[in-house]
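S.K.:
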Amino acid sequence: MEQITEGVDKIKISESQKKNRIQVSNTKKPLFFYVNLAKRYMQQHNEVELSALGMAISTVVSVAEILKNNGFALEKKITTSTVEIKDDSRGRPVQKAKIEVVLGKTANFDELMAA
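Heads up, the sequence shown stops at 115 in UniProt numbering, and the numbers go up one at a time, no gaps.
(1) Based on Cα-Cα distance, which residue from Gln44, Val60 and His45 lies nearest to Pro30?
(2) Just reading off the beta strand (DSSP E) that Lys77 is part of, what are its end residues?
(3) Please report the straight-line C-alpha distance between Lys105 and Ala56, rounded to a whole angstrom.
(4) Helix, strand or coil: how does DSSP classify Arg90 here?
(5) Where DSSP assigns a beta bridge to Glu47, which residues make up the other side?
(6) Candidates Glu65, Leu37 and Thr27: which alpha carbon is nearest Arg21's?
(7) Whole angstroms is fine: what's the gap from Asn46's alpha carbon to Arg90's?
(8) Under three-state DSSP, which class holds Ala52?
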């Protein structure tokens, strides 16, 4: 029975992480769209997870740095990896770089948002 509840706890954790995840695209939205969206996610969930693949990684880094330098966020965790994606044009898998950055609220986040 203990193993079952442990598994359920892990599922709950992964579901809650999905709610505060922003998947950043390189072409679809301007930089400050993601900055403002991350602020809103931090208001609701106290932390936000930014993730991106390939060329969009620089956008995630820029968003994280803007939020940190303006005193809105603290860096909690950074994860880098590679993922295999099937390329339809070539018919073979392609390796893509992936980054995940978890940011949390600073102590004076609410004051800054009110200003």
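Ideal placement from N, C-alpha and C gives every residue a C-beta, glycine not left out.
Since we're looking at a predicted model, the values are computed, not measured.
M.R.: Walking through what the data contain:
(1) What you label residue 30 is simply residue 30 of the sequence shown in a count that begins at 1. Of the listed residues, the one whose Cα sits closest to Pro30 is Val60.
(2) Here residue 77 refers to the residue found at position 77 of the sequence shown. Start and end: Ala73 to Asp87.
(3) In the sequence shown, the residue the question calls residue 105 occupies position 105. In the sequence shown, the residue the question calls residue 56 occupies position 56. Near 23 Å, if we compare the C-alpha coordinates of Ala56 and Lys105.
(4) For this step, residue 90 is matched to residue 90 along the sequence shown. If DSSP states are grouped into helix, strand and coil, Arg90 belongs with coil.
(5) For this step, residue 47 is matched to residue 47 along the sequence shown. By DSSP's assignment, Glu47 forms a beta bridge with Gly104.
(6) One-based indexing of the sequence shown puts residue 21 at position 21. When Glu65, Leu37 and Thr27 are compared, the shortest CA-CA separation from Arg21 is found for Leu37.
(7) The count along the sequence shown starts at 1 and reaches residue 46 at position 46. The count along the sequence shown starts at 1 and reaches residue 90 at position 90. Counting only the Cα atoms, Arg90 lies some 42 Å from Asn46.
(8) Taking the sequence shown and counting its residues from 1, the one referred to as residue 52 is at position 52. Of the three classes helix, strand and coil, the one that applies to Ala52 here is strand, per DSSP.
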